[in-house]
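Peer 1:
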Amino acid sequence: MKVYTKKGDSGTTQLIGGTRVVKSSMRIESYGTVDELNSYLGLIRDQEISTSQTEQLLEIQDRLFTMGSLLAADPKGTKMELPQLKDSDVENLENWIDQMEETLEPMKSFILPGGHTTVSFCHIARCVCRKAERIVVDLNENEKIDPVILTYLNRLSDYMFVLSRKLSSDLKTNEIHWKPRM
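Everything in the sequence shown is counted per numbering that gives the first Met the number 0, starting at 0 for the first residue and increasing by one.
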């Protein structure tokens, strides 16, 4: 099987289920942004981080592939059986967040992104996650999306923020607190 089919040369692509849509559609934008997020998680996973953080990111990447397949499915249905996101996937994120927060100082102000390349990658992933969430919310206005997708994206951006803080701590990097100029 070849990677290229030439079927998309005119600016359309096929959803799981067979329907062709323009590549600029909100549905394509949604799973394309989830794919972008997944790539950033791969970049973070390639850094020198703990084995448990690597395993968590691999689990999240798998869930993002699941999410992508759900978003790539024809809303009118498909005969293909697709994996599903579950409430327990959201609970995993919450548990990981709670575990990391146990070791961190409480936040007293906003934190400026940066301090270490790995930390910055987490902040970029958090922003891409928020972008994906906004796009899926917009898609949901016209085509109902499984609510767990929205919940997962919302919690994942929280996870990415807490992971950035945890990595700042692990890497002994100072967090720069935002002090608004008044």
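We put the beta carbon where it would ideally sit given N, CA and C, even for glycine.
Measuring CB to CB, does Lys22 end up less than 9 Å from Thr12?
Peer 2: yes
Peer 1: Please give the ranges of any alpha helix (DSSP H) in the region 98-168, keeping only runs that are unbroken, at least 4 residues long and fully inside the region.
Peer 2: Within the region 98-168, the runs of alpha helix (DSSP H) that reach at least 4 residues and sit entirely inside it are, in chain order, 116-141.
Peer 1: If you compare alpha carbons, which of Ser156, Ser87, Gly76 is closest to Ala131?
Peer 2: Ser156
Peer 1: Quick one: using the 10 Å Cβ neighbour count with 16 as the cut-off for buried, is Phe109 buried or exposed?
Peer 2: exposed
Peer 1: Looking at C-alpha atoms only, which residue of Ile15, Val2, Val20, Met0 is the closest neighbour of Ser9?
Peer 2: Val20
Peer 1: Out of Arg44, Ser68, Lys75, Glu90, point me to the one whose CA is closest to Leu57's CA.
Peer 2: Arg44
Peer 1: Can you tell me whether Gly114 is buried or exposed, with buried defined as 16 or more other CB within 10 angstroms of its CB?
Peer 2: buried
Peer 1: To the nearest angstrom, report how far apart Lys165 and Met99 are at their CA atoms.
Peer 2: 6 Å
Peer 1: Would the beta-carbon of Ser186 fall within 9 Å of that of Val135?
Peer 2: The structure shown has nothing for residue 186, since the chain only spans 0 to 181.
Peer 1: Can you confirm whether the region 33-41 touches the region 87-107 when touching is taken to mean that 3 or more C-beta pairs between the two stretches lie within less than 8 Å?
Peer 2: no
Peer 1: Could you tell me the alpha carbon to alpha carbon distance between Gln188 and Met159, rounded to whole angstroms?
Peer 2: There is simply no residue 188 to check, as the chain begins at 0 and stops at 181 in what is shown.
Peer 1: Select from Ile96, Leu14, Met106, Lys178 the residue whose C-alpha is nearest the C-alpha of Tyr151.
Peer 2: Ile96
Peer 1: Compute every distance between the C-beta of Glu54 and the non-hydrogen atoms of the ligand MG, then say whether any falls below 8 Å.
Peer 2: With respect to the ligand MG, the structure offers nothing, as it holds no ligand at all.
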